[in-house]
Amino acid sequence: MKIRKIKYALFILILLLSAAGCQNSVTEKDEKTDKNSNPVKLDWYVNYSWFKTVWGKNEVSKAITDHTDVDIDYQIPKGNETDKLNAMIASDTLPDLVTIGWWETQNQEIIDKGQVYSLNDLARKYDPGFFDVLDESAVKWYTKSDGKIYGYPNSSYSPEDFKNNQIPSNQNFLVRKDIYETIGSPDMTTPEGFSDAVRKAYKTFPKVDENPLIPIGSDEFNENGANSFDQYLQAFLAVPYEEDGKYYDRNTDPEYLRWLKMFRQLGKEGYLKDEIFIDKRSQLESKLANGQYFCLFYQNTDIKDQVRTLNEKDPDSIYIPVEGPRNSKGDDPVLPVPGVHGWTVTYITKNCKDPKKALELIKYLISEEGQKMTYLGVEGSMYQMKDNRPVINPEVKKLLETDRKAYDAKYGADNTFWMLQDNVMQLKWSYEEDDPISAMKRWTYPYATYTAQYDMNFDENIKAAVIYKNQQKLWGDTLPRLLLAENDEEFDRILADYKEKREANGYETFVQEANERFQKNKELFGME
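Numbering (mature numbering (1 follows the signal peptide of the UniProt record, and there is no 0)), first residue to last: -24 to -1, 1 to 504.
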């Protein structure tokens, strides 16, 4: 009888434990289902028409959604980015999150119109520890006169970051390797040597793989000019930013104008093809992947995929960095590295459906865990840690190096989602890139220079910002006209007209404001 009672008691105990286990299992399952079945969906406007990656299709975005309980619907402009952004601001229809270039005047406009939250207010309300993950230099730079910060940058580098790390410039003068070597690896540091090399390359290789050779390539021409023919060329010529402690107009520097006239002459001879003035980024990328350019100034951060494509097809057809134009004294180039302002700035708008979740997402992406995810991806399926160093899985690395579009769609790491990338933090996990890419970066090391103190961040000075914007647009209209001038006399007339118009547009006021801005920036950085 006693044995039967003991058995019965054990039976009841087993039933109770089983029931409790089932209940816990159901509860855990329900909690997981509740968390992941209905994540908060946020609309994120990215002011770049070339960004095409969709959220939720690749490993990284799925993992981030699982972790943050936030799903993203990217909104990308289909036409002119400025028109789209201005229309949303005018109608007060900015989506939940917005990412735009740091230099855009709309940054201050959306703050002045009260269309975006201050991160201070959101942190105070939802997460007092939010600022623990932010970079102190970036916060200091972006803090407004009201003591608040509204947007946060990606790719931000302080002077200390530059001093303590080997940071490359992203500016290179590139040539197609096989063509350059076939014509004797000529010296292209002088206008004469450059011109001769271009003529010889085009004569020797009128076509490459059945495509017409484009002798001189360029970054996209826009309303402000073209990086390849203004900022990058000026950097290689070591055109100064200031003279005797005062603002110096780089666009009218004699050395720079001497080289522009050389390009004008090449244009008259037919070596500046019409397409370089009208091609958009997607067309540039396609022609780079085909190896159609002989030479160009370009950013090494944006040519990785095309060089990998060429390297896979024919290692001799890749683009390589070489010594490019120099001034008449032969001075070394002064190649800028990214500044504390970064590249783009991301905001949480007052239209945001769930500011708390938006803040949580941004905090995660900025955090070390989030940076590791956006840079390396999902540990195990995409990389392994060995001796505290990441080793990318072979199949992942192969796809990254051979088909970036497919890599983004399947995996989505390597800063596919770059909106809040912290390149300095990511240095601790850096892995060896394939040689053609690392060679471009290494080439810039001797010439890399911190120049953020000269950036035109007028911010709350609306008057100066408007004048500067008008000056940029005037230059954007003038540069192609200079390059397409019929002769040097017409070039000089166009330049004189430019100088006259910029004076009428408030140039003297702009110079005064620029000098004040330079001084404030230097004080902020502790520079003399």
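We treat Cβ as the ideally placed atom computed from N, Cα and C, and that holds for glycine.
Boundaries of the beta strand (DSSP E) harbouring W20: 16 to 22, taken from the DSSP string. For G127, the closest alpha carbon among the candidates K374, K339, V354, Q488 is that of K339. Annotation: the continuous alpha helix (DSSP H) that includes L98 extends over 95 to 102. Secondary structure note for M164: it is in no beta strand (DSSP E), with a DSSP letter that is neither H nor E.
The three-state secondary structure of L396, taken from DSSP, is coil. The beta carbon of D72 sits closer than 8 Å to those of L18, D19, W20, I324, T325, N327, C328, K329, D330, A334, all from its chain and outside the five residues before and after it, given in chain order. For M503, the three-state secondary structure derived from DSSP is coil. Of the candidates G353, D390, V310, the residue whose Cα lies closest to the Cα of A428 is V310. Listed in chain order, the alpha helix (DSSP H) elements of length 4 or more contained wholly in the stretch 63 to 122 are 82 to 88, 95 to 102, 112 to 118.
Counting of Cβ neighbours within 10 angstroms places G306 among the exposed residues, the total staying below 16. Excluding five sequence positions before and after R284, the CB atoms of its chain that fall closer than 6 Å to its own CB belong to E377, given in chain order. By the beta-carbon neighbour count (other beta carbons within 10 angstroms, threshold 16), T420 is buried. Inclusion of Q347 and N130 in the CB contact set at 7 Å is not warranted, their separation being larger than that value. Your pair G353 and S37 does not check out as a contact, with CB atoms roughly 11 Å apart and the cut at 8 Å.
Under the DSSP assignment, L233 falls in the alpha helix (DSSP H) whose first and last residues are 230 to 244. Remark: C-beta atoms of Y102 and K332 approach each other more closely than 7 Å. Residue environment for S204: buried (at least 16 other C-beta atoms within 10 angstroms of its C-beta). In the structure shown, P129 falls within a strand segment according to DSSP collapsed to helix, strand and coil. M361: member of the beta strand (DSSP E) spanning 359 to 362, first to last residue. Between Q268 and N148, the gap from beta carbon to beta carbon reaches 7 Å or more. In summary, G123 is exposed, with fewer than 16 beta-carbon neighbours lying within 10 Å of its beta-carbon over all protein chains present. Contact between the stretch 232 to 248 and the stretch 194 to 214 is present, with at least three C-beta pairs closer than 8 Å.
Of the residues K89, R478, Q84, the one whose Cα lies closest to the Cα of A66 is K89. Rounded to the nearest whole angstrom, the CA to CA distance from N96 to F273 is 41 Å.
Assigned with DSSP and collapsed to three states, D431 falls in coil, not helix or strand. CA-to-CA, the gap between R240 and D255 works out to about 19 Å.
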